[in-house]
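J.: Sharing a structure with you now.
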Amino acid sequence: MDNLIEILIILAVIAIQTFSGYIGNKYLGSILPVIFLGFVGFFLYKGALGFNFKDIIMPFLGFFVLVMIYEVGKETKKNKIKKELEKMKAKDISNKK
861 MDNLIEILII LAVIAIQTFS GYIGNKYLGS ILPVIFLGFV GFFLYKGALG
911 FNFKDIIMPF LGFFVLVMIY EVGKETKKNK IKKELEKMKA KDISNKK
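The sequence shown maps to residues 861 to 957 in this note's numbering.
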C-alpha cells in the first residue's frame with residue numbers, strides 16, 4: 861500500500877509539472893522545485909542528510925528533473941502550436957488554388 865501511495869505522489873508531481881509547463885505558467889511551475897529545495901534545506905538543518913556522494917548529488921538531480929519536466933511540457937505545447945500553424949498554412953495554400 862505504501863508503494864502505491866509513493867507511485868501516485870510521483871505521478872501527481874509529474875502531471876502537475878507537465879501541466880504547468882504546458883500552460884506556460886512560470887509561477888505554478890516553480891512551486892514544486894521551491895518546495896523540494898525547502899525540504900532539502902530542512903533535512904540538511906536537521907542533520908538527516910550527510911556529506912556523502914548520494915546526499916549531495918540527489919538534491920541537484922531532483923531539482924534538475926523537476927525543471928526538465930516543466931520544460932518538456934512547454935516544448936510539447938510549442939510543438940502542438942507549430943503543427944496547428946502548419947495545418948492552417950497548408951489549408952490556406954490548398955484553398956487558394
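Ideal placement from N, C-alpha and C gives every residue a C-beta, glycine not left out.
1. Suppose the cutoff is 7 Å on Cβ atoms and the five residues either side in sequence are ignored; what does the same chain contact list for GLY884 look like?
2. How would you label TYR887, buried or exposed, when you count the other beta carbons within 10 angstroms and need 16 or more for buried?
3. Which value, in whole angstroms, describes the spacing of the CA atoms of MET928 and THR878?
4. Would you grab the beta carbon distance between GLU931 and GLY881 for me? Rounded to a whole angstrom, and I think it's under 8 Å.
5. Could you tell me whether the region 864-872 touches the region 904-914, using the rule of 3 or more Cβ pairs below 8 Å?
6. Roughly how many angstroms separate the alpha carbons of PHE869 and ILE917, rounded to a whole number?
T.: According to the structure data:
1. As a working mapping, residue 884 is identified with position 24 in the sequence shown. So the list reads LYS934, LYS937, once near-sequence residues are dropped.
2. Counting from one through the sequence shown, the residue named residue 887 turns up at place 27. For TYR887, the number of other beta carbons within 10 angstroms of its own is below 16, and it is reported as exposed.
3. In the sequence shown, counting from the first residue as 1, residue 928 sits at position 68. In the sequence shown, counting from the first residue as 1, residue 878 sits at position 18. Distance between the alpha carbons of MET928 and THR878 is about 9 Å.
4. Position 71 of the sequence shown, counted from the start, is the residue given in the question as residue 931. Position 21 of the sequence shown, counted from the start, is the residue given in the question as residue 881. With a Cβ gap of about 6 Å, GLU931 and GLY881 count as contacting.
5. no
6. Translated into positions along the sequence shown, residue 869 becomes position 9. Translated into positions along the sequence shown, residue 917 becomes position 57. Reading the sequence as shown, one finds Ile at residue 869 and not Phe. The straight-line gap from Cα to Cα measures roughly 22 Å.
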